[in-house]
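Worksheet for the structure shown next.
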Amino acid sequence: MQQAITNGEQLLDRLGLSHLAPNLDANNPFPIRLPDSYLHKMRHGDATDPLLLQVLPQLIENDSSGSRHPVHDLDFMQVPGLLHKYHGRALLITTGACAIHCRYCFRRHYPYAEASTKNNELEHSLRYLQQHPEIDEIILSGGDPLMLSDARLSRLIAQLDDIAQLRFLRIHTRIPVVLPSRVNDALIEILSRTRLKVCVVVHSNHANEICVAEQHVFERLRGAGMHLLNQSVLLKGINDSVDTLVKLSKKLYENDVLPYYLHMLDPVQGAMHFAVSESRASKIIDGMRGKLPGYLVPRLVREIPNSPSKSAISGI
Ligand SMILES: *Cc1c(COP(=O)(O)O)cnc(C)c1O
Ligand code: SF4
16 MQQAITNGEQ LLDRLGLSHL APNLDANNPF PIRLPDSYLH KMRHGDATDP
66 LLLQVLPQLI ENDSSGSRHP VHDLDFMQVP GLLHKYHGRA LLITTGACAI
116 HCRYCFRRHY PYAEASTKNN ELEHSLRYLQ QHPEIDEIIL SGGDPLMLSD
166 ARLSRLIAQL DDIAQLRFLR IHTRIPVVLP SRVNDALIEI LSRTRLKVCV
216 VVHSNHANEI CVAEQHVFER LRGAGMHLLN QSVLLKGIND SVDTLVKLSK
266 KLYENDVLPY YLHMLDPVQG AMHFAVSESR ASKIIDGMRG KLPGYLVPRL
316 VREIPNSPSK SAISGI
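When the letters of the sequence shown are read in order and numbered with the numbering used here, they come out as residues 16 to 331.
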C-alpha cells in the first residue's frame with residue numbers, strides 16, 4: 016500500500032497517456048488510489064483500457080445527477096457498523112479503507128468515520144447478533160475487510176466464532192484481484208482456523224484483472240477449503256458486452272470461482288456515466304445465456320431500498 020499510486024498524472028505518464036491529463040479531476044474528494052500491481056495489468060497507451068477506466072478520476076464525475084446515498088444503507092444500520100437488511104444474514108462494515116478506489120463505488124460518499132465498526136463498538140454488534148438468533152451468516156464488508164491487520168481480523172473472527180448460532184462467514188473483497196500479495200500465509204492461516212464455513216466473494220469486473228498472481232490467490236483460498244464466488248458491477252465502457260462477460264465467467268470458472276451477481280450500478284453521484292439501462296442489461300444477460308452453461312451466468316440484480324432481497328432483473 017505504501018507503493019500505491021495516488022497521483023493521476025503519474026499514472027497517465029507511466030501508461031504513455033499524458034495527453035489525457037486535462038481530463039483529470041485532481042481535486043476529487045474521492046482521490047485516486049491503486050496498487051502498482053494493478054497498473055501492470057493495464058494496456059500501455061490505451062485510453063479505453065477497462066482497468067484504467069475503473070480508477071481514473073475524470074472531470075465527468077462532477078456531473079451532479081444521482082444520489083449521495085443510493086441504497087439507503089444508513090436506514091438499516093442497527094448499531095454503528097452493522098447492517099441487517101435481509102433475513103438470516105447481517106453485514107459488518109469492518110473498515111472504510113480499500114486497496115483501490117473504484118470510481119463507480121456506491122459507498123464513495125459513505126460516512127465511514129461514524130458508521131463502521133471500531134474496536135470499542137464491536138461489542139454492540141456482537142450483542143445485536145446474539146439477540147437475533149435467526150442470523151446464521153455474518154458478512155464482512157467495508158471498505159475492504161482484508162485491509163484490516165492480521166491481528167484485528169484474527170480477533171474479529173475469533174469473536175464471531177464464539178457466537179454459537181453463526182454457521183457461515185462470508186467475506187466480500189476486491190483484494191484478491193487488486194492486491195494479491197495481501198493474501199499471504201498468515202491470512203490463509205487465520206481464515207483456515209475458524210469453525211465457520213468460509214465463502215469469499217471476490218469483486219472482479221473484467222478478465223484482465225485476473226493474471227498469474229491472482230490465479231495463485233484463488234488456488235490458495237480453494238486449497239484452504241474456502242468457497243469462491245464473484246460479483247461484478249455492470250459498467251458502461253468497461254464490461255458492458257456479452258463477449259467481455261463471457262470471457263470473465265470462463266476465466267473465473269477455470270480458477271474455481273463461480274459467478275454470483277452482476278449488479279446494476281447503484282445510482283451514485285459521480286458515477287452515473289457508468290450506468291447501463293435495464294433494457295440493455297437484460298439483452299446482455301440473455302446474450303450470455305445463449306453462450307454459457309447456466310452455472311456460469313451471474314444473476315442480474317439491482318438493489319432497491321426496502322426490498323427483502325436483491326431484486327432480480329429477468330431478461331427477455
Ligand atoms: C447485498 C447485501 C447482503 C447480501 O445479500 P445476498 O443476497 O445474501 O448476497 C446482505 N446485507 C446487506 C446489507 C446487503 O446489502
Ligand atoms: S473496493 Fe469496493 S468498497 Fe472499495 S472503492 Fe472499490 S467498489 Fe468501493
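All C-beta atoms in this analysis are idealised placements derived from N, C-alpha and C, irrespective of residue type, glycine included. The model shown is predicted, which means the values in this text are computed figures rather than measured ones.
Please confirm whether any heavy atom of ligand 1 lies closer than 8 Å to the CB of residue i.
i: Y125; result: no
i: E318; result: yes
i: L106; result: yes
i: D88; result: yes
i: S324; result: yes
Can you name the start and end residues of the alpha helix (DSSP H) that residue i belongs to?
i: Q93; result: First-last for Q93: 92-94, but that is the beta strand (DSSP E), not the alpha helix (DSSP H).
i: K298; result: 293-304
i: R29; result: 23-29
Determine the extent of the beta strand (DSSP E) in which residue i is found, giving its start and end residues.
i: K325; result: Careful: K325 lies outside any beta strand (DSSP E) and carries neither H nor E.
i: R185; result: 183-188
Could you tell me if the beta carbon of residue i falls within a distance shorter than 8 Å of some heavy atom in ligand 2?
i: A114; result: yes
i: D159; result: yes
i: H218; result: yes
i: R189; result: yes
i: F289; result: no
i: Y119; result: yes
i: V193; result: yes
Kindly list the residues whose CB is nearer than 6 Å to the CB of residue i, restricted to its own chain and excluding five residues on each side of it in sequence; keep chain order.
i: F289; result: Y119, L250, K251, L280
i: L273; result: L244
i: D51; result: Q18
i: N270; result: Q230, F233
i: I172; result: T209
i: Y276; result: Q246, P313, R314, V316
i: L155; result: L107, T109, I186
i: H87; result: P320
Leaving out five residues before and five after residue i in sequence, what residues of the same chain have Cβ atoms less than 7 Å from its Cβ?
i: R13; result: Since the displayed the chain opens at 16 and closes at 331, residue 13 lies outside it and no answer follows.
i: K100; result: F91
Closer than 8 Å by C-beta to residue i: which residues in its own chain qualify, once you throw out the five before and the five after it? Chain order, please.
i: K262; result: A222
i: H147; result: H99, A105
Between residue i and chain B, is there a C-beta pair that is closer than 9 Å?
i: I20; result: The chain labelled as chain B is not found in the depicted structure, where only one protein chain is given.
- Which whole runs of the beta strand (DSSP E) in the region 234-285 are 3 residues long or more, in chain order? Whole beta strand (DSSP E) segments, 3+ residues: 242-248, 273-278.
- Query: At what residue ranges does the region 40-103 contain a whole run of the alpha helix (DSSP H), taking only runs of 4 or more?
  - Reply: 51-54, 67-70
- Query: Hey, which unbroken runs of the alpha helix (DSSP H) at 4 residues or more fall wholly within the region 115-173?
  - Reply: With a minimum length of 4 residues, the continuous alpha helix (DSSP H) runs that stay inside the region 115-173 are 137-146.
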